[in-house]
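Take a look at the structure set out below.
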Amino acid sequence: MPIADPTAAELEQLQDEAVRLTQELIRIDTSNFGGNDPETWGKGETEAADHVVAQLREVGLEPEVYESAPGRPTVVVTLPGEDRERGGLIIHGHLDVVPARAEDWSVDPFGGEIRDGMLYGRGAVDMKDMVGMMLALVRHIARTGATPPRDLRLIFFADEENGSVWGAKWLVAEHPELFEGYTEAISEVGGYSITLPEQATGEDVRAYLVQTAEKGYAWGRLRATGRAGHGSVPNDENAIVRLARAITAIDEHEFPIEYVASVRALFDGVTEITGTAWDEEDVDAFLPLLGGARQFVTGTLRDSANITQLDAGYKVNVIPQTAEAGFDVRYLPGHLDEVLDLLRELAGEHVEVVIDNLGVDTDAPREGALYDAMAAALQAEDPGSKVLPYCLSAGTDNKPLTQLGIAGYGFTPLQLPADLDFAPLFHGIDERVPVDAIRFGARVLLRLVRDC
Ligand SMILES: [Zn+2]
């Protein structure tokens, strides 16, 4: 039986559950401090995964748990589709969150408190809101005994907030069979609204930004080598000095603005709606139009390289043999090779560029059946709204899936108030999400899986 229009009671339950589950997940502290030491890990991800498994089993679904390391579970559940020959759709979310310093917040970051229609807590937008919606969605489908049009696989990953090492990257490497036959994926940081002044009507109109592309990242170290020696002896091969020169050269490099295709598509779309042209030579005046997405978009105008760590020396009167600095490079789709070549050139001959963790860029089609279905689902729930593609400055678990040829989109539908500055809420203080936005998202996702 295909997915039918829900009754009023079913729709109410779907939306209530999405909010309840988001709240319950926020109350499980899944802070990711990096690394994989069980001592610092705590039990958060396991507790959250257990909760997900229980919610799925309660409606008769049969999830499987894949543990990359003790305390690092990823949950997978599959709903076979009517047409099993078609490529399947993966909907994925991560259960971990970045840590929160409670003293900085106006509420308990793990309290899941609702105030003035906003649900507060670490993970409210990144991304326990989507995980709550995903769970509510499949619980609804299972309760009604319906079958989606094509195979649907939900994955709840560990470890996204530390480069996906023990989550998506591990699963893709160790269990590639789980992704066979799946052609597309949706996940976080896209599908939310900004509000634009529409030229044609003179009114404000919501535009939903579907994330079709992501910058890539290269996390690594500059490793300078020199000649060790006594602190009293002149030394013109000092590893620390060589490292300092490399750091300065990289920091002083100005990456030029380049408008990649997904950024142009967004800007052209905004221009079409608002009538405000954008100027390649001076885009600053245009950016405020992007409202809550401004920070994410600003990060997609150029490549970047930031020095983030330093490690050198062990005694004040000893010149060390080596010195290291950590870096965080973010590159636009297609720029990996040229950015790494540039980094090596700037680092100089005595400083090696070591890459420890690479997150590939993504660039999925900005058209096609799934893109159209996402747009139609949004516009059915918010008539008159617009849908535009955009490139995300940060990374998501779509990266490892992209390496298997799966087209990944950011699609966590949220109808947001015009004045909510959305991007800074990610990893921010007082992270929060409108309760009504979660309810909206649950309805949109149901339409999407029904019609995809
Ligand atoms: Zn996230």
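Mapping the sequence shown onto this note's numbering, position 305 (from 1) lands on 434, and the numbers just tick up by one. Heads up, the beta-carbon is just placed ideally off N, CA and C, and yes, glycines get one too.
Element boundaries [beta strand (DSSP E), containing residue i]
i	result
M130	M130 -> no beta strand (DSSP E), and no H or E assigned at all.
D333	333-343
L282	Here residue 282 turns out to be Arg, not Leu, going by the sequence shown. From DSSP, the beta strand (DSSP E) with R282 extends over 281-286.
Y500	Careful: Y500 lies outside any beta strand (DSSP E), inside the alpha helix (DSSP H) at 498-510.
I323	321-326
L521	515-521
Bridge partner(s) assigned by DSSP for residue i
i	result
F456	G349, I436
F247	The identity of residue 247 in the sequence shown is Met, whereas the question assumes Phe. Paired residue(s): R244, P563.
P529	Answer is none; P529 lacks a bridge partner.
E313	L218, A536
E481	R352
Y582	Residue coverage of the chain in this structure runs from 130 to 581, which leaves residue 582 outside it and unanswerable.
C581	DSSP output for C581 lists no bridge partner at all.
A441	A452
S160	V226
H359	V447
T276	P131
Any non-hydrogen atom of ligand 1 within 8 Å of residue i CB
i	result
H223	yes
M263	no
V583	This structure leaves residue 583 out entirely; the chain is present only between 130 and 581.
D179	no
E401	no
T151	no
E174	no
F555	yes
D255	yes
E560	no
T159	no
T525	yes
E290	yes
E193	no
E387	no
E343	no
V318	yes
Limits of the unbroken alpha helix (DSSP H) element including residue i
i	result
V426	423-427
F396	390-403
T175	173-187
W299	297-303
D145	137-155
M259	257-273
I558	Segment: none, I558 is in no alpha helix (DSSP H) and carries neither H nor E.
L372	368-381
D365	Segment: none, D365 is in no alpha helix (DSSP H) and carries neither H nor E.
E474	465-476
Top-ranked residue by Cα proximity to residue i, from the options
i	options	result
F569	G296, D432, A147	A147
L475	I243, I376, T437, E317	I376
Y519	D580, Y388, L208, D166	Y388
T531	T207, D233, A297	A297
L143	I220, I270, A314, C581	I270
Q152	G250, V294, E187	G250
G164	V458, P238, V227, R576	V227
G217	H223, N161, V206	V206
S361	R272, A138, T203, P449	P449
R371	E383, H382, F384, A357	A357
L190	I315, V267, K257, A329	V267
A583	A138, A265, E410	There is simply no residue 583 to check, as the chain begins at 130 and stops at 581 in what is shown.
F555	S522, K528, E383, P529	S522
R352	Q438, F308, V182, I220	Q438
R495	H304, P512, G557, V516	V516
G274	L208, L533, K528	L208
T354	H221, E343, D166, A368	A368
G261	I132, E303, I157	I157
G421	R374, D470, I323, T400	I323
V578	G210, H223, I155, G524	G210
Next item on the list: Could you tell me whether the segment 450-469 touches the segment 549-560, using the rule of 3 or more Cβ pairs below 8 Å?
Entry: no
Check: Within the chosen definition, does the segment 486-493 reach the segment 276-290 through at least 3 CB pairs nearer than 8 Å?
Finding: no
Next item on the list: Evaluate the contact criterion for the segment 479-487 versus the segment 391-398: three or more CB pairs, one atom per stretch, below 8 Å.
Entry: no
Next item on the list: Check whether the segment 534-542 touches the segment 311-323, taking contact to mean three or more Cβ pairs, one atom from each stretch, closer than 8 Å.
Entry: yes
Item checked: Validate contact between the segment 418-433 and the segment 456-467 using beta carbons, cut 8 Å, 3 pairs -> yes
Next item on the list: Kindly confirm or deny that the segment 284-304 and the segment 192-200 touch, where touching means at least three C-beta pairs closer than 8 Å.
Entry: yes
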